[in-house]
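Numbered by my numbering, the letters in the sequence shown go through residues 267 to 419 in order. Heads up, the beta-carbon is just placed ideally off N, CA and C, and yes, glycines get one too. From a predicted model like this one, the values you see are computed outputs, not experimental measurements. One structure is given here, and the rest of the page talks about it.
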Amino acid sequence: MKAYKIIKSNIHREGLCAARKIKKGEKIIEYKGKKITQKQADENNKYGYKITYLFELNKKYLLDGDYKFNTARLINHSCNPNCEVLDEYKSVIWITAMRDIKKDEELSYDYGFSFDCDYKDHICKCKSKNCVGFIVREGSRWRLKKIKDKKFI
Ligand SMILES: C[S@@+](CC[C@H](N)C(=O)[O-])C[C@H]1O[C@@H](n2cnc3c(N)ncnc32)[C@H](O)[C@@H]1O
Ligand SMILES: [Zn+2]
267 MKAYKIIKSN
277 IHREGLCAAR
287 KIKKGEKIIE
297 YKGKKITQKQ
307 ADENNKYGYK
317 ITYLFELNKK
327 YLLDGDYKFN
337 TARLINHSCN
347 PNCEVLDEYK
357 SVIWITAMRD
367 IKKDEELSYD
377 YGFSFDCDYK
387 DHICKCKSKN
397 CVGFIVREGS
407 RWRLKKIKDK
417 KFI
């Protein structure tokens, strides 16, 4: 039985949820797409808008997942995700469970956006207790906190 199904998301439009219990470490769904070069991404403006669908495979190639056949594109971001993105040999990307996931729980991962990439354009509505309000990768969230703290000085 497939581990996931498409749902109307609590976070944004459509998403995926667990169709059954999922064990920590289980590969849930492959993130499919078409390989493009870093050069193509830099030279073609359309990829600027597709930032949420691009995954870096290595220094030369990215995976563009903005295709209907890529069901994994529907997974939303969360500040408290239950999945992570793992690559195999820098060519195949799997969305993998970071912990045990209950049936019907929405699947999410950290989109990994850097703080510098216009964080204010990406408001986060993940509703988790530790939501920082913007889609910013975990390692950069302290910078948001610093800004918030300054406002109270
Ligand atoms: C890769 S799509 C995810 C699927 C999307 N929910 C849909 O139905 O098309 C990424 C887009 O979903 C939205 N999104 C994903 N996670 C979000 C979040 N935590 N808060 C707000 N919007 C989110 C943003 O608009 C983002 O650009
Ligand atoms: Zn959030």
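Neighbourhood of residue i by C-beta distance below 8 Å, restricted to the same chain and skipping five residues each side
i    : result
A269 : A284, A285, R286, I288, E292, I294, I295
K411 : V398
F418 : Any reading at F418 needs caution, since the residue's pLDDT is 48, under 50, leaving its predicted position unreliable; the model's value is listed next. Taken in chain order, the list of residues that qualify is empty.
Distance CB(residue i)-CB(residue j) smaller than 8 Å
i    : j    : result
G281 : L340 : yes
N396 : C349 : no
I302 : D330 : yes
I277 : C392 : yes
Y313 : V351 : no
I361 : A338 : yes
S275 : E372 : yes
Cut-off 7 Å between Cβ atoms - residues of its own chain near residue i, not counting five sequence neighbours on either side
i    : result
S406 : S380, F381
R365 : K290, N348
E354 : W360
A363 : I288, K289, K290, G291, E292, I294, N348, C349
R409 : F381
When the options are compared against residue i, the one with the closest alpha-carbon
i    : options                : result
L320 : Y377, I401, K393       : Y377
L328 : F335, A338, I317, S374 : I317
I359 : K368, N336, I367       : N336
K326 : M267, N311, L373, S357 : S357
D384 : S374, R403, S394       : R403
K386 : I413, A307, D308       : I413
Same chain only: Cβ atoms within 6 Å of residue i, ignoring 5 sequence neighbours per side
i    : result
I401 : H343, Y377, F379, H388, C390
K300 : D330
K369 : A284, R286, K287
Minimum length 4: unbroken alpha helix (DSSP H) runs contained in the region 384-418: For secondary structure counted as the alpha helix (DSSP H) over 4 or more consecutive residues, the region 384-418 holds these complete runs in sequence order: 407-417.
If you measure from each residue's Cβ to the nearest non-hydrogen atom of ligand 2, which ones come out under 5 Å, in chain order? C345, C390, C392, C397
Unbroken stretches of the beta strand (DSSP E), 3 residues or longer, contained in the region 301-370: 320-322, 327-330, 349-354, 358-363
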